[in-house]
Amino acid sequence: MDDLHLLTAHEIKIAIDSGVEPSAVLDAVQKRIEAIDSKVKAFAYVNKKATQVKRGGKLSGIPVLIKDNICVKDEATTCSSKILEAFSPPYDATVIKRLKDSGAVLIGKANMDEFAFGSSCETSCYGPTRNPWDLDRIPGGSSGGSAAAVAASQTIMALGSDTGGSIRQPAALCGVVGLKPTYGRVSRYGLIAFASSLDQIGPITKDVEDAALLLGVIAGHDVLDSTSVDIPVPDYCKSLTKDIKGLRLGVPKEYFVKGIDPEVETAVKKSIETLRGLGAIVVDISLPHTEYAVSTYYIIGSAEASSNLARFDGAHYGYRDTDAKDMIDMYVRTRSKGFGDEAKRRILLGTYCLSAGYYDAYYLKALKVRTKIKEDFERAFALCDCIVTPTTPTPAFKIGEKTNDPLAMYLSDIFTIPANLAGLPGISIPCGFSSGGLPIGMQIMARPFGEETIFRASYAFEQSTDFHKRRPTI
Amino acid sequence: MNYETVIGLEVHLQLSTNTKAFCACPTKFGQKPNSQTCPVCLGLPGSLPVLNEQAFLYAIKVALALHCQIQKIIKFDRKNYYYPDLPKNFQISQYDMPLSFDGFVDIPDESSSGRKRIRITRVHLEEDAGKLIHPEGEDYTLVDLNRTGMPLLEIVTEPDMNSPQEAYDYLTKLKTILEYLKVSDCDMEKGSLRCDANISIRPIGEKKLGTKVELKNMNTFKGVRQGLEYEVKRQLSAVKDNEKIVQETRLWDADKQVTISMRRKEEATDYRYFPEPDLVPFVVDPSIIDSIRNTLPELPEAKVNRYMKELGLSEYDSNVLAGRMDLADYFEACAQVYENKKTIANWVTGDILAYLNTHGIMASELGLSANGLASLLKMIDAGALSGKMAKDILTEAIETKVDPEDIVAKRGLSQISDSEKLEEIIKLVMSKNEKSVNDYKSGKKNALGFLVGQAMRETKGTANPEMVNKILKKALGE
């Protein structure tokens with residue numbers, strides 16, 4: 001039983017039921033981490049004393065890796081930033097409480113782009129995480145550590161967070177499943193905010209069934225998060241029926257444009273045919289404001305981030321520059337040294353957008369465009385039940401390839417950002433490989449709280465293909 | 475040239491909710507530093523605010539009592555600025571859509587016997603910041619975040635006041651209303667009510683406002699008036715000397731009785747307000763507003779009217795009584811058990827109020843209950859006590875917390891109103907003072923006063939003076 005780490009959570013549940021010790025699963029995973037994490041660098045922190053707090057829950061004995069921006073009581077939670085070095089929150093995020101209650105074993109913290117600013121996992125203060133399919137390439141980001149660890153079997157499941165694609169994009173580039181739930185479906189209490197109106201925590205897993213399982217544990221109303229919605233959580237595993245007869249799939253023309261990698265386009269189009277073959281009805285739709293999504297996102301997201309990150313000033317916790325002459329100097333030095341370049345770029349951008357005289361032209365305008373984008377989706381969902389697109393325009397790029405070209409980097413989230421702006425759920429599932437052997441992801445979006453439709457469609461696809469079964473050799 | 479003063483006030487009121495505005499921390503005053511905190515009010519990463527419903531309901535209550543319109547959609551905004559007493563480095567406040575707006579408070583008009591209306595621009599809900607402590611002689615500053623996140627109401631007026639006295643009257647009236655609503659302890663010295671002022675002067679007849687000075691650090695009601703008085707004088711003399719008044723923030727120094735420049739405002743601070751994304755805007759259910767409106771207590775103005783119309787009290791007494799909720803409550807409790815309201819009003823606005831003021835206590839803390847006062851008044855009516863005796867007993871009752879009837883019984887102080895007994899005493903007095911009796915009979919009428927005095931002396935002051943008078947005159951043959 002040396003290969004327990006290769007199993008999915010639902011497979012492990014069966015194995016444990018038939019007598020396998022949960023500690024054997026943890027052992028296998030920890031051995032795997034020790035063996036390969038020096039190459040992948042998916043972890044910001046490995047909890048070597050990881051234990052199961054509660055027994056007998058839905059995730060009893062299942063190792064789960066947590067993105068480094070989700071608070072775990074008394075354990076390092078740094079957002080992969082120097083400014084939060086040595087910070088351990090005195091409380092658990094709501095999702096962490098729910099995981100602990102479900103019997104999950106928290107094995108550590110996943111590396112990420114600093115404060116989730118990035119699409120490549122290169123801006124971490126701990127250095128870049130590598131794509132297990134090709135160690136010279138990026139795993140995607142910002143939940144790059146979570147996705148890489150799942151792909152490399154260094155964990156059974158992982159939590160990521162998604163503000164503009166940070167779960168789905170790395171999931172696509174690492175060949176795993178990543179779901180961004182509907183805004184308000186999962187409590188954000190304890191998620192260190194990047195952009196409050198866009199952030200959602202979600203599962204990154206080896207297959208669709210595990211994603212349904214994990215979402216079922218973390219979803220649900222939370223009185224500590226005013227933006228969480230009080231809608232009952234369905235049993236998502238019941239949506240895994242393989243039956244998609246009559247399901248209307250919308251294919252937006254704006255997502256198949258110039259600049260998209262031909263291999264990605266081919267893989268996704270082929271997958272749409274697979275779904276059609278399973279009984280789905282394919283409908284051509286249009287989301288006309290798609291081209292404005294990226295700029296809208298960078299204004300709203302950065303504006304909120306500039307305010308959310310103001311608290312990291314050296315006064316109360318985290319890193320403080322001790323050479324300061326006075327209070328203002330302490331702020332300036334702490335933030336200058338504590339934040340990396342990308343964080344500074346976003347803070348500056350957001351501060352600028354909110355400044356007197358620019359607010360109307362940028363922030364207010366962006367809010368209006370956001371409404372237009374939402375309306376695009378509302379119109380589209382009158383014609384279809386879910387929307388199928390590529391998750392990313394290209395497979396994983398090389399480490400360092402886009403670090404000096406922020407705009408090119410920002411465009412890697414072009415297909416995932418609209419779902420955040422509209423608050424919709426979206427999943428990325430493996431749907432093919434490039435000629436170079438790199439994974440390609442397909443995105444499926446649905447109406448708000450339409451996670452069941454997403455699971456239904458993606459499970460049917462997954463069960464008729466075997467892309468999700470391939471694992472990188474490392 | 476003659477100038478007029480223009481004043482607008484900004485009051486920050488700490489609401490007396492059990493828990494903070496956006497978390498469940500307690501709001502007790504004077505606790506150990508940083509003992510009343512949690513991840514939310516500490517602004518720890520990942521924490522999120524949740525609106526305290528009680529704070530919201532209190533805010534609506536105040537808004538309605540100040541005749542304000544209520545916003546249809548309640549929305550919060552972030553006010554961004556860096557300061558160590560504000561751990562998130564933004565304050566949750568309300569910017570373009572205050573919870574309520576367009577209200578008013580009426581105050582007495584100095585120039586006529588009528589009323590003057592002070593318009594309320596807005597009343598909005600926000601969170602308080604913490605406190606910085608600078609230990610003397612040390613090179614560090616301590617931060618106490620117990621106050622961080624306490625619910626604050628900001629109540630802003632239009633520049634409608636034209637003298638420091640009007641500002642004082644507005645504040646007093648506002649405080650009375652707020653006390654009636656029981657939403658805050660309104661204690662300026664504890665900081666639960668804070669007041670900043672904008673003050674400027676302009677030539678009479680001029681429509682444009684003069685350059686305003688923001689005045690802070692006035693920690694008492696008296697301080698507000700004094701600070702403004704000083705500022706009026708300072709600005710008038712500056713204008714007289716052809717100096718320009720600069721836009722600035724000045725601090726009132728109560729010890730030196732002067733205002734001191736704190737900072738010049740060359741440019742407005744950019745707080746980069748934007749909607750608070752962690753709190754969802756919500757529509758106020760009109761039925762909630764109606765039910766708050768219907769359960770508002772009788773407010774000072776309505777009370778004054780009722781006292782005058784229904785109880786026949788003078789305008790002065792009515793204003794004095796309604797001007798303090800504790801006094802009004804005391805008066806009304808007494809009025810439940812004693813018939814003559816005018817008499818109660820005389821005692822409450824007289825000796826009792828004087829005692830409260832001297833000792834700085836509330837009527838509810840008084841050693842004499844409303845029932846006790848009523849029993850004292852009944853003893854006077856029954857002729858058992860003279861007015862003078864009653865006053866002594868009142869003081870003793872307040873100080874010893876003993877019931878007036880018990881004091882009277884214990885001291886044997888009951889007034890002698892028994893005419894047979896009085897006749898005996900008067901006979902004795904007359905026999906001892908034949909000269910005065912003869913003086914009176916020969917026309918020296920003021921000898922009567924002497925004889926009355928002797929009778930009182932004989933009874934150690936317990937004789938009913940009116941009866942003594944009557945019986946003496948009769949005995950002297952009138």
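Chains as they are written, first to last, in my numbering: chain L, 1 to 474; chain F, 475 to 952. Even for Gly, the Cβ is constructed at its ideal location relative to N, Cα and C. Treat the numbers as computed from the prediction; the structure is a model and nothing was measured.
Asked, Found
"Within 8 Å, strictly: CB atoms of Arg596/F and Glu750/F", "no"
"Closer than 8 Å to chain F by CB, Leu122/L", "As written in the sequence, residue 122/L is Glu, which differs from the Leu given in the question. No - not a single Cβ of chain F is within 8 Å of the one on Glu122/L."
"Local Cβ density within 10 Å of Ala361/L, reported as buried at 16 or more and exposed below that", "exposed"
"Residues from the region 563-578 of chain F in contact with chain L, defined by Cβ distance under 8 Å", "Asn563 and Phe564"
"Candidates Ala921/F, Val911/F, Ser574/F and Met863/F: closest to Ala937/F by CA position", "Met863/F"
"Residues of the region 313-343 of chain L with Cβ closer than 9 Å to any Cβ of chain F, in chain order", "Asp313, Ala315, His316, Tyr317, Gly318, Met327, Ile328 and Tyr331"
"Spatial neighbours of Ile260/L in its chain, beta-carbon cut-off 6 Å, leaving aside the 5 residues before and after", "Pro393"
"Same chain, Cβ closer than 8 Å to Phe695/F, neighbours up to 5 away in sequence not counted", "Tyr642, Leu645, Thr646, Lys649 and Met662"
"Rounded C-alpha distance that separates Ser239/L from Ser435/L", "33 Å"
"Expected contact under 8 Å - CB spacing of Thr123/L and Pro139/L to nearest Å", "Not really, about 13 Å apart at Cβ, beyond 8 Å."
"Residue range of the unbroken alpha helix (DSSP H) whose run includes Ser302/L", "Ala293 to Asn308"
"CA-to-CA distance, Ala147/L to Leu7/L, given in whole angstroms", "16 Å"
"Chain-ordered chain L contacts of Phe530/F [CB-CB under 9 Å]", "In chain order: nothing, as chain L lies at least about 13 Å away."
"Counted within 10 angstroms of its Cβ, other Cβ atoms place His833/F as buried (16 or more) or exposed", "exposed"
"Counted within 10 angstroms of its Cβ, other Cβ atoms place Asp583/F as buried (16 or more) or exposed", "exposed"
"Length of the line joining the Cα atoms of Leu495/L and Thr227/L", "Look at the range of chain L in this structure, 1 to 474, and you will see that residue 495/L is not part of it."
"Nonlocal neighbours in the same chain, by C-beta distance under 8 Å from Glu291/L, ignoring five residues either side", "Glu254"
"Rounded C-alpha distance that separates Ala9/L from Phe87/L", "31 Å"
"Neighbour list for Asp225/L in chain F, Cβ cutoff strictly below 7 Å", "Leu522"
"Simplified DSSP state of Tyr745/F, which is helix, strand or coil", "coil"
"Distance between Lys605/F and Leu689/F (C-alpha atoms, nearest Å)", "20 Å"
"DSSP three-state assignment for Asn47/L, whether helix, strand or coil", "coil"
"Interface partners of Pro90/L on chain F, CB under 8 Å", "Pro513 and Leu518"
"Coil, strand or helix - Tyr477/F by DSSP", "strand"
"Continuous beta strand (DSSP E) stretch holding Gly923/F: start and end", "Looking at the DSSP string, Gly923/F is not in any beta strand (DSSP E); the run it does join, the alpha helix (DSSP H), is Ala921 to Glu932."
"Neighbour flag for Glu209/L against chain C, beta carbons, 8 Å", "Looking at the structure shown, chain C is missing, and the protein chains on hand are L and F."
"Top-ranked residue by Cα proximity to Glu527/F, from Ile762/F, Asp576/F, Met635/F and Asn716/F", "Ile762/F"
"Own chain, CB closer than 6 Å to His486/F, minus 5 neighbours either side, in chain order", "Leu626, Glu628 and Arg668"
"Three-pair Cβ contact test at 8 Å for the region 370-381 of chain L versus the region 93-108 of chain L", "no"
"CB contact below 8 Å: Asn554/F versus chain L", "yes"
"Chain F within 8 Å of Ile218/L, Cβ atoms only", "no"
"DSSP state of Arg320/L mapped onto helix, strand, coil", "coil"
"Ile486/F (DSSP reduced to helix, strand or coil)", "Residue identity differs from the one stated: residue 486/F is His in this sequence, not Ile. Looking at His486/F - three-state DSSP - the assignment turns out to be strand."
"CB contact below 8 Å: Thr129/L versus chain F", "no"
"The alpha helix (DSSP H) enclosing Ser905/F, as first and last residue numbers", "Ser893 to Lys906"
"Counted within 10 angstroms of its Cβ, other Cβ atoms place Ala802/F as buried (16 or more) or exposed", "buried"
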